[in-house]
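**Student:** Sharing a structure with you now.
In structure tokens form, the structure reads like this:
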């Protein structure tokens with residue numbers, strides 16, 4: 017009973033559906049011993065990390081970060097280089113890389129603070145493209161087109177590997193959803209609604225925006241490091257615009273500004289993407305076509321659809337809100 | 071001398087691309103991330119028309135297929151605007167994500183159809199010319215007169231014709247234009263077609279001298295944005311000046327430092343301008 021009480025802040029107002037997804041993913045590997053499917057949900061979990069950490073900045077402030085690959089690939093490369101060239105243990109390399117991503121989040125956040133809308137989006141895109149180009153220019157360190165292969169993994173067993181990724185995803189989910197529900201998350205929402213009004217209420221909006229940027233970068237750094245080591249490989253695709261766009265699309269289709277939405281979107285769509293491998297040749301075309309269709313039909317995301325928000329039961333199941341009667 | 075000539079060629083190319091990008095942004099408020107895709111489609115459709123429709127005929131047929139491809143890209147852009155973008159035009163995020171997703175989609179379709187290694191298109195005019203000891207390929211040189219023709223024509227269209235004045239009015243003062251009875255939707259539709267056609271023209275002209283590959287949409291897009299930022303978003307004159315500035319800067323950079331750095335120039339310009347002077351050379355102050 018005591019334990020339940022202590023866990024209460026973690027489960028209160030959590031989306032039951034989100035918890036269900038997390039639980040379902042955890043119990044899946046013991047049921048099935050098909051390594052291919054386990055690999056698929058591992059990838060889905062990693063994309064969920066990316067989408068959720070993107071959401072904490074963009075979903076809550078509506079400043080579109082279009083260069084998210086900067087943090088993912090940057091941290092991935094850093095931890096890959098640290099563990100392969102300097103033979104640092106990966107349990108040290110990933111936190112270092114994530115911290116570096118967080119610090120560069122502060123730096124970029126500071127530089128782009130005054131920019132709005134398209135200007136902000138393009139500045140972040142430019143940062144990511146610079147890193148992408150640099151990964152080719154310094155090919156002695158980064159391995160150029162090939163990237164760095166043969167990195168350390170967490171364990172030798174893919175199932176245990178999956179649990180490491182899953183653990184990271186669950187931790188990030190809870191940290192981010194608690195952050196979003198805290199005073200900080202509410203201030204970010206206020207900035208989204210009206211930055212000037214928030215400022216005139218005596219709130220240092222710049223601080224909170226940079227803080228969100230740093231957290232988003234740090235979480236993406238963890239995701240990137242975990243991804244790199246679980247794949248044993250890092251290449252320029254991890255810095256490419258394609259990855260940035262996919263993360264944006266996954267989070268948008270799930271529903272921005274909810275944390276659980278991006279989780280849902282990323283996991284469902286990644287599973288769809290992988291199951292399209294039966295028609296490998298057309299996979300990316302069908303997948304991107306599908307994403308366009310989703311965005312066109314539900315621009316606010318699946319979880320923000322009208323009938324979900326309108327119904328008390330559904331909005332409780334998906335969002336965890338208890339609306340007053 | 072070399073820097074001057076090649077820089078001018080590049081500047082002409084960039085201004086063809088960037089003017090359309092700036093135009094659609096100032097008229098429709100659309101940050102068209104599929105602009106590079108229209109450039110790519112210009113090149114690919116020229117190839118498709120020339121190879122599959124006309125069966126690799128003579129030089130006249132190549133010219134016709136280039137014109138056809140420019141026209142069809144204009145029509146495609148109008149359709150994209152009307153069907154995909156118009157319903158949620160107010161949401162900047164929606165427009166950006168949709169156009170970028172389209173760019174990825176078209177890139178993938180092209181790589182499925184024609185492979186990642188790309189295709190080639192023959193030149194409109196063969197051979198090369200030597201100016202002041204510098205060898206320039208004729209096909210590249212042709213860009214200069216065409217741009218010199220197109221830009222004044224565009225200016226004439228915007229300032230002197232009734233339709234163009236409507237477009238210009240929407241760009242300057244949206245509400246005012248609506249009150250004066252200008253249809254914003256028509257203006258945006260025309261501008262989408264026009265800006266995409268300009269990008270496609272650039273693509274069709276440059277196709278013979280650069281390889282036509284599925285990834286060719288990305289760098290024109292980044293450069294168009296760098297130019298738009300440097301020139302000040304909403305200013306056509308500024309964007310033409312900025313195109314040439316960036317063209318020369320890139321060539322200068324590649325001569326002085328290294329070939330690899332040319333593509334970084336545009337990116338660094340974006341960040342420097344955004345950080346230190348967000349309104350650009352001739353843009354008005356940001357809100």
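Residue numbers (the numbering used here), protein chains in the order written: chain A, 17 to 341; chain B, 71 to 357. Idealized CB from N, CA, C, for every residue including glycine. A quick note: this is a predicted structure, and the numbers were derived from the prediction, not measured.
What does residue 166 (chain B) reach in chain A if we use C-beta pairs closer than 8 angstroms?
**Tutor:** For the purposes of this step, residue 166 (chain B) is taken as the residue at position 96 of the second chain. The answer, in chain order, is 80, 82, 134 and 137.
**Student:** Whole angstroms is fine: what's the gap from residue 96 (chain B)'s alpha carbon to residue 154 (chain A)'s?
**Tutor:** Residue numbering aside, residue 96 (chain B) sits at position 26 when the second chain is read from its first letter. Residue numbering aside, residue 154 (chain A) sits at position 138 when the first chain is read from its first letter. Looking at the two C-alpha atoms, the distance is approximately 39 angstroms.
**Student:** Please confirm if the region 91–111 of chain A is in contact with the region 261–271 of chain A, defined as three or more CB-CB distances below 8 angstroms between the two stretches.
**Tutor:** no
**Student:** Report buried or exposed for residue 277 (chain B), applying the criterion of at least 16 other Cβ atoms within 10 angstroms of its Cβ.
**Tutor:** Stepping through the second chain from its first residue, residue 277 (chain B) is reached at position 207. So residue 277 (chain B) counts as buried.
**Student:** Is there a Cβ of chain B sitting closer than 8 angstroms to that of residue 277 (chain A), yes or no?
**Tutor:** Against the first chain, residue 277 (chain A) aligns to sequence position 261. No, residue 277 (chain A) lies away from the interface with chain B (no Cβ there is under 8 angstroms from its Cβ).
**Student:** Terminal residues of the continuous alpha helix (DSSP H) containing residue 170 (chain A)?
**Tutor:** Here residue 170 (chain A) refers to the residue found at position 154 when the first chain is read from its first residue. Looking at the DSSP string, residue 170 (chain A) is not in any alpha helix (DSSP H), and its letter there is neither H nor E.
**Student:** Take residue 290 (chain A) and list the residues in its own chain whose beta-carbon comes closer than 6 angstroms to its own, dropping the five residues that flank it on each side.
**Tutor:** Translated into the one-based positions of the first chain, residue 290 (chain A) becomes position 274. Contacts found: 56.
**Student:** Measuring only between beta-carbons, confirm whether residue 286 (chain A) sits less than 8 angstroms from chain B.
**Tutor:** Counting from 1 along the first chain, the entry for residue 286 (chain A) is found at position 270. Not an interface residue.
**Student:** Can you give me the C-alpha to C-alpha distance between residue 105 (chain B) and residue 180 (chain B), rounded to a whole angstrom?
**Tutor:** What you label residue 105 (chain B) is simply residue 35 of the second chain in a count that begins at 1. What you label residue 180 (chain B) is simply residue 110 of the second chain in a count that begins at 1. Whole-angstrom Cα-Cα distance: 16 angstroms.
**Student:** Output yes or no for whether 8 angstroms exceeds the beta carbon distance between residue 316 (chain B) and residue 84 (chain B).
**Tutor:** By 1-based counting over the second chain, the position of residue 316 (chain B) is 246. By 1-based counting over the second chain, the position of residue 84 (chain B) is 14. Result yes, Cβ atoms of residue 316 (chain B) and residue 84 (chain B) sit closer than 8 angstroms.
**Student:** Can you check whether the C-beta of residue 330 (chain B) is within less than 8 angstroms of a C-beta belonging to chain A?
**Tutor:** Within the second chain, residue 330 (chain B) is the residue found at index 260, counting from 1. At least one chain A Cβ lies under 8 angstroms of residue 330 (chain B).
**Student:** Listing by chain order, which chain A residues have their CB less than 8 angstroms from the CB of residue 358 (chain B)?
**Tutor:** No answer is possible for residue 358 (chain B): it lies beyond the span of chain B, which begins at 71 and ends at 357.
**Student:** So what's residue 189 (chain B) in DSSP terms, helix, strand or just coil?
**Tutor:** Locating residue 189 (chain B) in the second chain gives position 119, where the first residue counts as 1. Residue 189 (chain B): strand per DSSP, three-state reduction.
**Student:** When the Cα atoms are used, what is the spatial distance from residue 312 (chain B) to residue 211 (chain B)?
**Tutor:** Locating residue 312 (chain B) in the second chain gives position 242, where the first residue counts as 1. Locating residue 211 (chain B) in the second chain gives position 141, where the first residue counts as 1. Their Cα atoms are separated by approximately 20 angstroms.
**Student:** Do three or more CB pairs link the region 162–173 of chain A to the region 236–253 of chain A at distances below 8 angstroms?
**Tutor:** yes
**Student:** Using a 10 Å radius around the Cβ and a threshold of 16 neighbouring Cβ atoms, would you call residue 229 (chain B) buried or exposed?
**Tutor:** If you number the second chain from 1, residue 229 (chain B) lands on position 159. Its Cβ having fewer than 16 others within 10 Å, residue 229 (chain B) is exposed.
**Student:** Does the distance from the CB of residue 276 (chain A) to the CB of residue 31 (chain A) come in under 8 angstroms?
**Tutor:** Within the first chain, residue 276 (chain A) is the residue found at index 260, counting from 1. Within the first chain, residue 31 (chain A) is the residue found at index 15, counting from 1. A contact, by the Cβ cut-off of 8 angstroms.
**Student:** Just to make sure I have the definition right: I need the residues of chain A whose C-beta is within less than 9 angstroms of the C-beta of residue 88 (chain B). Which are they?
**Tutor:** Residue numbering aside, residue 88 (chain B) sits at position 18 when the second chain is read from its first letter. By Cβ distance, chain A contributes nothing, its closest Cβ being about 14 angstroms from residue 88 (chain B), past 9 angstroms.
**Student:** Helix, strand or coil: which one does DSSP assign to residue 407 (chain B)?
**Tutor:** No statement about residue 407 (chain B) is possible, as the shown extent of chain B runs from 71 to 357 and does not include it.
**Student:** Can you check DSSP and say which residues form a bridge with residue 282 (chain B)?
**Tutor:** Start at 1 with the first residue of the second chain, and residue 282 (chain B) comes out as number 212. Paired residues: B:189.
**Student:** Let me check one thing: in DSSP terms, what residues is residue 78 (chain A) bridge-paired to?
**Tutor:** As a working mapping, residue 78 (chain A) is identified with position 62 in the first chain. According to DSSP, which records beta bridges pairwise, residue 78 (chain A) is partnered with nothing at all.
**Student:** In chain order, what are the residue ranges of uninterrupted alpha helix (DSSP H) at least 4 long that sit wholly in the region 91–161 of chain A?
**Tutor:** 106–127, 133–153 and 155–158
**Student:** What separation, rounded to the nearest whole angstrom, lies between the Cα atoms of residue 190 (chain B) and residue 282 (chain B)?
**Tutor:** In the second chain, counting from the first residue as 1, residue 190 (chain B) sits at position 120. In the second chain, counting from the first residue as 1, residue 282 (chain B) sits at position 212. Those two C-alpha atoms are separated by around 6 angstroms.
**Student:** Can we say the region 210–227 of chain B touches the region 321–329 of chain B, given the rule of at least three CB pairs closer than 8 angstroms?
**Tutor:** no
**Student:** For residue 237 (chain A), which of A:323, A:197 and A:184 has the nearest alpha-carbon?
**Tutor:** In the first chain, counting from the first residue as 1, residue 237 (chain A) sits at position 221. Comparing Cα-Cα distances from residue 237 (chain A) to each of A:323, A:197 and A:184, the minimum goes to A:184.
**Student:** Please confirm whether residue 126 (chain A) and residue 219 (chain A) have their CB atoms less than 8 angstroms apart.
**Tutor:** As a first step, residue 126 (chain A) must be located in the first chain, where it is residue number 110. As a first step, residue 219 (chain A) must be located in the first chain, where it is residue number 203. Contact flag unset, no.
**Student:** Between residue 280 (chain A) and the rest of its own chain, which residues show a CB-CB distance below 6 angstroms, the 5 nearest in sequence each way excluded?
**Tutor:** Locating residue 280 (chain A) in the first chain gives position 264, where the first residue counts as 1. Hits under 6 angstroms: 270.
**Student:** Would you grab the beta carbon distance between residue 244 (chain A) and residue 95 (chain A) for me? Rounded to a whole angstrom, and I think it's under 8 angstroms.
**Tutor:** For the purposes of this step, residue 244 (chain A) is identified with residue 228 of the first chain, where counting begins at 1. For the purposes of this step, residue 95 (chain A) is identified with residue 79 of the first chain, where counting begins at 1. With 8 angstroms as the limit, residue 244 (chain A) and residue 95 (chain A) qualify as a contact, their Cβ atoms being about 6 angstroms apart.
**Student:** Please determine, among A:229, A:65 and A:63, the residue with the shortest C-alpha to C-alpha distance to residue 121 (chain A).
**Tutor:** Start at 1 with the first residue of the first chain, and residue 121 (chain A) comes out as number 105. Of the listed residues, the one whose Cα sits closest to residue 121 (chain A) is A:229.
**Student:** Report yes or no: is there a C-beta of chain A within less than 8 angstroms of the C-beta of residue 105 (chain B)?
**Tutor:** Mapped onto the second chain, residue 105 (chain B) falls at position 35. Residue 105 (chain B) does not count as touching chain A.
**Student:** Excluding sequence positions up to five away, which residues of its chain have a Cβ less than 6 angstroms from the Cβ of residue 140 (chain A)?
**Tutor:** In the first chain, the residue the question calls residue 140 (chain A) occupies position 124. So the qualifying residues of the chain are 81, 82 and 83.
**Student:** When burial is assigned at 16 or more other CB atoms within 10 Å of the CB, is residue 102 (chain B) buried or exposed?
**Tutor:** Counting from one through the second chain, the residue named residue 102 (chain B) turns up at place 32. By the neighbour-count criterion, in which 16 or more other beta carbons inside 10 Å mark a residue as buried, residue 102 (chain B) falls on the buried side.
**Student:** In chain order, what residues of the same chain lie with their CB nearer than 8 angstroms to the CB of residue 255 (chain B), ignoring the 5 residues before and after it?
**Tutor:** Taking the second chain and counting its residues from 1, one reaches residue 255 (chain B) at position 185. If we look at residue 255 (chain B) and ignore the five residues flanking it on each side, its Cβ neighbours are 156.
**Student:** Going along chain B in order, which residues have a C-beta closer than 9 angstroms to the C-beta of residue 213 (chain A)?
**Tutor:** The residue labelled residue 213 (chain A) in the question sits at position 197 within the first chain. What residue 213 (chain A) touches in chain B, judged by beta-carbon distance under 9 angstroms, is nothing: the nearest beta carbon there is about 16 angstroms away.
**Student:** Count the other CB atoms within 10 Å of the CB of residue 346 (chain B); is the residue buried (16 or more) or exposed (fewer)?
**Tutor:** Here residue 346 (chain B) corresponds to residue number 276 of the second chain, with the count starting at 1. Exposed, since its Cβ has fewer than 16 Cβ neighbours within 10 Å.
**Student:** Considering just the uninterrupted stretch of the alpha helix (DSSP H) at residue 289 (chain A), what are its terminal residues?
**Tutor:** Position 273 of the first chain, counted from the first residue, corresponds to residue 289 (chain A). Segment 276–291, the alpha helix (DSSP H) holding residue 289 (chain A).
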